[in-house]
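Peer 1: Attaching a single structure in structure tokens format; questions to follow.
In my numbering, the protein residues as written are 21 to 188.
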């Protein structure tokens, strides 16, 4: 094993031991061009595992996760990316459930509202490309890890979903 891979492995083990999702993301982002797919996927697996552990702890203690707390923010990011990967793969039911979990475990209203729209779109089985094109406002400046700006049609979608759920 090369010196570089040994260092990556040691940093990864230390980050997992410390429950430091941010450090794992930093490893991936800093060394993205140098990592092979297996190592990168392993790091993302560690990120998701830690995020699920922190989510479980929050659920058990009935705490909400805040975007203002660094580790909690990275936890929400990891879970959002996991939900988006399901959504991109057209696993709509799972994506909707994950967006609903994010909605229920976050503190900030803007994030919660965004997850409601994501869940509504996944629930209506709107593919991710159509969701982005038809409901989202995407600009060149990506200032956060989640989609948070929406067209007027997104509110209509949310109302439509809420109305159909009330009829059940």
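All residues carry an ideal CB built from backbone N, CA and C; glycine is no exception.
Measuring alpha carbon to alpha carbon, tell me which residue in 50, 59 and 85 is nearest residue 71.
Peer 2: 85
Peer 1: Among the candidates 117, 170 and 92, whose CA atom is the shortest distance from the CA of residue 77?
Peer 2: 92
Peer 1: Touching or not, the region 118–130 and the region 151–158, by the rule of three or more beta carbon pairs under 8 Å?
Peer 2: No contact exists between the region 118–130 and the region 151–158.
Peer 1: With three or more beta-carbon pairs closer than 8 Å as the criterion, would you say the region 94–104 touches the region 47–57?
Peer 2: no
Peer 1: Go ahead and pull the three-state DSSP assignment for residue 170.
Peer 2: strand
Peer 1: Going by CA-CA distance only, name the one from 81, 89 and 28 that's closest to residue 59.
Peer 2: 28
Peer 1: Compare the C-alpha of residue 42 against each of 64, 57 and 22 and name the closest.
Peer 2: 64
Peer 1: Quick check: the Cα distance between residue 133 and residue 38, rounded to an integer number of angstroms?
Peer 2: 32 Å
Peer 1: Kindly indicate which residue of 115, 183, 182 and 105 has the alpha-carbon position closest to the one of residue 138.
Peer 2: That would be 115, whose Cα lies nearest to the Cα of residue 138.
Peer 1: By the three-class DSSP mapping on this structure, what secondary structure does residue 179 have?
Peer 2: helix
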